[in-house]
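The next block holds one structure in the form of structure tokens; read it before the comments.
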């Protein structure tokens, strides 16, 4: 059955079953501190064996996804059959529904079987991302042309844990897209905390001392994965094709660091999808799950009021 467990029990389970950095309790607790949420750890045990687990951010009486920079922590024992996973998750969701009126999960791409969520009246929105193998760099023709163009310039690639230019460029994007000063200040602290804790690293491309493009990437050394949190450029007309140059150099560097898989983090907008598809990664769906007890009751009410008069009479009399 599903049980709420302490951090120690969670750590022992994820030492065996961990699927990503988002299961790391130290990472989770940094995010919880920043967003002022409470972390709860849940594990489904059968015959004293951990079959499935997830960590939740609690705000009030709801389970939330505090920001879009992390997948939800969600893992399962890889010895489970597809039906055992379905059944285990179904039982877990039934317990959550008794304790929370609302819950949201941003499922990692590893979770593809969402039948239990459908069965429990959850809404599932499918999103997409590209995942690239760092040892297999293969460009579409449009990106080959961009790479050839970038190669004409004296672009300098840099990689380090902290770079003030990179952080400033990323935060300028927040203001460019309409974030308030308070929200921008919050994310400055957010990124600095992850950088100082060793989870987030900066990559950039310079031309003649000017930062042309940069990226902040979450590095998961344990699972040899990386996640492209943000990509930014100078927002000026750029004939250097610095973004294409940066992506390719990042993949080379990640391979050098022992990272095998690079999640480009998002492919839902037309222009972004077109650019990222040029690196010929694998297009992978992942799901945003949303459950609301209020919405379920409202749907039932709407079905009731739409019943024909003869049916209402049978119900009432």
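In the working numbering, the protein residues as written are 3 to 319. Backbone N, C-alpha and C define an ideal beta-carbon position, used for all residues, glycine too. Bear in mind the structure is a predicted one, so any value in this text is a computation, not a measurement.
For residue j and residue i, believed in contact at Cβ under 8 Å, the rounded distance
| i | j | result |
| --- | --- | --- |
| residue 130 | residue 285 | 6 Å |
| residue 76 | residue 110 | 6 Å |
| residue 203 | residue 221 | 6 Å |
| residue 97 | residue 199 | That pair is no contact at about 32 Å. |
| residue 354 | residue 167 | The chain is shown only over 3 to 319; residue 354 falls outside these bounds and no answer can be derived. |
| residue 52 | residue 92 | That pair is no contact at about 17 Å. |
| residue 257 | residue 137 | 6 Å |
Local Cβ density within 10 Å of residue i, reported as buried at 16 or more and exposed below that
| i | result |
| --- | --- |
| residue 83 | exposed |
| residue 17 | exposed |
| residue 178 | exposed |
| residue 59 | buried |
| residue 307 | Reliability fails at residue 307, whose pLDDT of 49 lies under 50, so the model's placement of it is uncertain and the value that follows must be treated cautiously. It counts as exposed. |
| residue 187 | exposed |
| residue 117 | exposed |
| residue 90 | buried |
| residue 295 | exposed |
| residue 216 | buried |
| residue 38 | exposed |
| residue 270 | exposed |
| residue 318 | At residue 318, the pLDDT of 48 sits below 50, so the modelled position is not reliable; the number obtained from the coordinates is stated separately. That one is exposed. |
| residue 180 | exposed |
| residue 35 | exposed |
When the options are compared against residue i, the one with the closest alpha-carbon
| i | options | result |
| --- | --- | --- |
| residue 107 | 216, 24, 291 | 291 |
| residue 65 | 104, 201, 113 | 104 |
| residue 30 | 19, 63, 73 | 73 |
| residue 2 | 194, 12, 135, 173 | Only positions 3 to 319 of the chain appear in this structure, which leaves residue 2 out of reach. |
| residue 250 | 222, 270, 282 | 282 |
| residue 288 | 22, 192, 114 | 114 |
| residue 120 | 132, 102, 95 | 95 |
| residue 62 | 201, 44, 40 | 40 |
| residue 276 | 171, 261, 246 | 246 |
| residue 261 | 8, 22, 4 | 22 |
| residue 67 | 175, 24, 13, 45 | 24 |
| residue 162 | 81, 264, 206 | 206 |
| residue 223 | 201, 209, 211, 171 | 201 |
N- and C-terminal bounds of the alpha helix (DSSP H) containing residue i
| i | result |
| --- | --- |
| residue 98 | 84-101 |
| residue 65 | Note, residue 65: premise wrong, no alpha helix (DSSP H); beta strand (DSSP E) at 64-66. |
| residue 29 | 27-37 |
Residue interval of the beta strand (DSSP E) (run including residue i)
| i | result |
| --- | --- |
| residue 195 | Where residue 195 is concerned, there is no enclosing beta strand (DSSP E), although the alpha helix (DSSP H) it sits in stretches over 183-198. |
| residue 11 | Here residue 11 belongs to no beta strand (DSSP E); instead the alpha helix (DSSP H) covers 9-19. |
| residue 220 | 212-222 |
| residue 53 | 51-61 |
| residue 41 | 40-48 |
(request) Would you mind listing the beta strand (DSSP E) stretches within the region 108-178 that are 3+ residues and don't spill past its ends, in chain order? (result) 125-135, 158-162
(message) Please give me, in chain order, every unbroken run of the beta strand (DSSP E) with length at least 3 that falls completely inside the region 227-289.
(response) 227-235, 263-265
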